[in-house]
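The next block holds one structure in the form of structure tokens; read it before the comments.
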Amino acid sequence: MVSDDRPDGRHHLDSLLMRETLLDRAVMAATEAPTVAMLPHCHVVKVGGRSILDGGRRSTYPLVEAISRALARHKLILGTGGGARTRHVFSIGLDLGLPSGVLAQLAIADALGNAHMLGTLLAPYGVVAIPPEIFGHLLPLFIQAAPGVIFNGDPPFGLWEHPPGTGKIPPHRSDAGSFLLAECFGCATVTLVKDVDGIYDRDPKEHPSAKLIEEITVAELADRNLPTLPFDRILLELLGSARQVTRFQVINGLKPELLEPALRGERVGTIVRRDASD
Amino acid sequence: MLTELGAALVAGSLTDEELLARTDVPATVRILPEANVIKIGGQSLIDRGRSAVFPLLDELVANLPDHKMIIGTGAGTRARHAYSVGIDLGMPTGVLSVLGTFVSMQNARMIHYLLARHGIPFIEPAQFPQLPLYLSERRAVVFFGMPPYTFWQPNPKIGRIPPHRTDTGAYLVSEVFGTRSMIYVKDEDGLYTADPKKEPGATFIPSITVEELEALCLDDVVVERSVLDMMKNAKSSRSIQIINGLVPGNLTRALNGEHVGTIISG
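Quick mapping for you: the protein sequence lines, in order, are chains W and H. Per our numbering, the very first residue in the first sequence carries number -13; after that it's consecutive. Per our numbering, the very first residue in the second sequence carries number 588; after that it's consecutive.
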């Protein structure tokens, strides 16, 4: 490796990107290239906090049983949401005037608590919650050794959370964190386990005639501009820029028998695709 | 519940724009309103070695009695090398983010050792709870500029390079702590209509808004684009200044609130 000492006073190391600002659009486009998939046989399953775990035994036990059966055939990376406690700490934090980065840091504790509860229930299968500090780097090792692992679904943004477009609620929550992890590790599927059958064309609680959307693309979903979505809205942006995971599925965890078909890639809820070709 | 909003947050959807809009009040507290965030460029400053770094650090130290400084570091040419090799090997963006973090950490350590005799610590993200104490006691800390996203770094829209790098990490520190300034120390006077190192005819832009800057659709800009995106949503950090750290006195003047480079405002 030759160091480059042409006289601009900076001591460069020879590389394709030498001297570049990394902000030039043409240079950026030149860095597009295929990516290796680290864990192509693993599945990421996000278990909802408010939708599943907050419901206690009634909603959680049947799903845990379904997860335990699935572990016999699939390697699972389970993310958890923070649920009602996160909403509560947001409300106190907002009242105290704390910024989004602090709220994001606080939220991790609730998802982590839920990860430990799920880990306690799945401990007989060798599946436990892994501390966030070591989770990312050691994930391939853990998932080789155990049929599944659990993490707090939140991404490690904390104080570095992005200020959202509207209000102050942290935009990257546990759905986003679970998706980003799957994308980086090139996992087979991403399933968001909620307490609704999927995305409806209207709010089914207010409109009994609302229809379930079986499959939809990011662009179509953006066009519909639905007032609420059953997952973090930033997920649409993240899926739009995905290279490896080009779809995710929202399923109803109150119907735990849907989990295994979802892991096999069957449509049992709403599948959101990056674009029509995926 | 403490408030009606709290009840709505527990029962409602966090994707509901009307509900989210209600979370804008009360106003955000500025946690460290007297501190300044200073980002020292990697390729632009640190890769030049002592001729650029020593005078800048002397100026930093001279300002300690008057200003509290949270000093972040860029990555520079070794990150460009790691990204180049990593892209060729098929590394995903999240892994490239880890590599960039390592390089900006090397630079933070070097700056830290040069400032160590003034009692200034280097803190990693896990040590940020000690930041207020260090600022009170020693008036400055050094941190690595990369945000700690590691494997969770979102993909860029184009290419594979992590979109949120050291400019963004430093900016978000200024935003979350509500600091009085965000100063980027680079080796150009500020923003130009093109990279002045490649196009000598590029025109200097002394001040501009994010909207005006976006309307120019420049192919190359002096600060990461995600900083500009985030400035539009910022609650506290609405203005940044890019200065030439090779010119003695510029940092002092910028810390004193003077306009010496390019000011970009949200």
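For each residue, glycine too, the CB sits at the ideal point set by N, CA and C.
Helix, strand or coil for residue i? Go by DSSP, reduced to three states.
i, result
"residue 660/H", "strand"
"residue 738/H", "helix"
"residue 694/H", "helix"
"residue 639/H", "helix"
"residue -3/W", "coil"
"residue -13/W", "Note that residue -13/W scores a pLDDT of 45, beneath 50, so its modelled location is shaky; the value from the coordinates is reported in the next line. Coil, per DSSP."
"residue 616/H", "coil"
"residue 2/W", "coil"
"residue 595/H", "helix"
"residue 715/H", "helix"
"residue 602/H", "coil"
"residue 77/W", "helix"
"residue 208/W", "helix"
"residue 689/H", "helix"
"residue 23/W", "coil"
"residue 155/W", "coil"
"residue 710/H", "coil"
"residue 196/W", "coil"
"residue 743/H", "coil"
"residue 633/H", "helix"
"residue 748/H", "coil"
"residue 38/W", "coil"
Starting from residue i, trace the alpha helix (DSSP H) in both directions and tell me its first and last residue.
i, result
"residue 130/W", "118 to 131"
"residue 170/W", "160 to 171"
"residue 88/W", "86 to 108"
"residue 815/H", "812 to 820"
"residue 178/W", "Taken as a continuous stretch (DSSP letters only), residue 178/W belongs to no alpha helix (DSSP H), being part of the beta strand (DSSP E) at 175 to 180."
"residue 761/H", "753 to 764"
"residue 53/W", "43 to 56"
"residue 837/H", "837 to 842"
"residue 226/W", "220 to 226"
"residue 15/W", "11 to 16"
"residue 801/H", "797 to 803"
"residue 248/W", "245 to 249"
Kindly indicate the opening and closing residues of the beta strand (DSSP E) around residue i.
i, result
"residue 29/W", "28 to 33"
"residue 721/H", "Premise fails: residue 721/H lies in the alpha helix (DSSP H), 718 to 725, not in any beta strand (DSSP E)."
"residue 771/H", "768 to 773"
"residue 851/H", "849 to 852"
Less than 8 Å between the CB atoms is what I'm expecting for residue i and residue j, so what's the real figure, rounded?
i, j, result
"residue 92/W", "residue 812/H", "That pair is no contact at about 29 Å."
"residue 747/H", "residue 7/W", "Residue 747/H to residue 7/W, Cβ: 16 Å. No contact."
"residue 201/W", "residue 237/W", "Actually they do not touch by this definition, with Cβ atoms about 13 Å apart."
"residue 830/H", "residue 810/H", "Residue 830/H to residue 810/H, Cβ: 12 Å. No contact."
"residue 75/W", "residue 49/W", "Not really, about 25 Å apart at Cβ, beyond 8 Å."
"residue 52/W", "residue 224/W", "Not a contact, Cβ separation roughly 27 Å."
"residue 30/W", "residue 167/W", "6 Å"
"residue 179/W", "residue 239/W", "4 Å"
"residue 666/H", "residue 682/H", "About 13 Å; that fails the 8 Å criterion."
"residue 613/H", "residue 227/W", "Contact flag wrong, Cβ pair sits at about 34 Å."
Give me the DSSP bridge partner(s) of residue i.
i, result
"residue 201/W", "257/W"
"residue 233/W", "259/W"
"residue 828/H", "770/H, 850/H"
"residue 65/W", "32/W, 137/W"
"residue 72/W", "BP columns for residue 72/W are empty, so no partner."
"residue 655/H", "622/H"
"residue 791/H", "779/H"
"residue 627/H", "660/H, 772/H"
"residue 731/H", "660/H"
"residue 860/H", "What the structure shows of chain H is the stretch from 588 to 853, and residue 860/H is not part of that stretch, so it cannot be assessed."
"residue 608/H", "Residue 608/H is not bridged to any residue."
"residue 111/W", "None; residue 111/W has no bridge partner."
Original post:
Going along the region 18 to 31 of chain W in order, which residues come within less than 7 Å of chain H, judged by CB to CB distance?
Top reply: 18, 19, 20, 21, 22
**OP:** Give the residues from the region 228 to 249 of chain W that approach chain H closer than 8 Å (Cβ to any Cβ), ordered along the chain.
**Re:** Flagged, chain order: 228, 229, 230.
Original post:
At a Cβ cut of 8 Å, what residues of the region 130 to 150 of chain W count as close to chain H, listed as they run along the chain?
Top reply: Those would be 141, 142, 143, 144, 145, 146, 147, 148, 149, 150, in chain order.
Subject >> Cβ-based contacts, 9 Å cut-off: residues of the region 758 to 771 of chain H near chain W >> reply: 759, 760, 762, 763, 764, 765
Original post:
Taking Cβ-Cβ distances below 8 Å as the criterion, which residues of the region 608 to 630 of chain H are in contact with chain W?
Top reply: 608, 609, 610, 611, 613, 614, 615, 616, 618, 630
**OP:** Would you list, in chain order, the members of the region 59 to 82 of chain W that have their beta-carbon closer than 8 Å to a beta-carbon of chain H?
**Re:** Of all residues in the region 59 to 82 of chain W, 70, 73, 74, 76, 77, 78, 80, 81, 82 have a Cβ within less than 8 Å of some Cβ in chain H.
Original post:
Using a Cβ cut-off of 7 Å, which residues of the region 102 to 113 of chain W contact any Cβ in chain H, in chain order?
Top reply: none
Original post:
Of all the residues that make up the region 588 to 603 of chain H, which are near chain W by a beta-carbon distance shorter than 7 Å?
Top reply: From the region 588 to 603 of chain H, only 588, 589, 590, 592, 593, 596, 597, 600, 601, 602, 603 have a Cβ closer than 7 Å to chain W.
Subject >> Selection of the region 820 to 835 of chain H by Cβ proximity to chain W, strictly under 8 Å >> reply: 820, 821, 822, 823
**OP:** Using a Cβ-Cβ cut-off of less than 9 Å, list which residues of the region -4 to 14 of chain W approach chain H; keep chain order.
**Re:** Across the region -4 to 14 of chain W, CB contacts with chain H closer than 9 Å involve -4, -3, -2, -1, 0, 1, 2, 3, 4, 5, 6, 7, 8, 9, 10, 11, 12, 13, 14, in sequence order along the chain.
Original post:
Using a Cβ cut-off of 7 Å, which residues of the region 798 to 822 of chain H contact any Cβ in chain W, in chain order?
Top reply: 806, 807, 808, 811, 812, 817, 820, 821, 822
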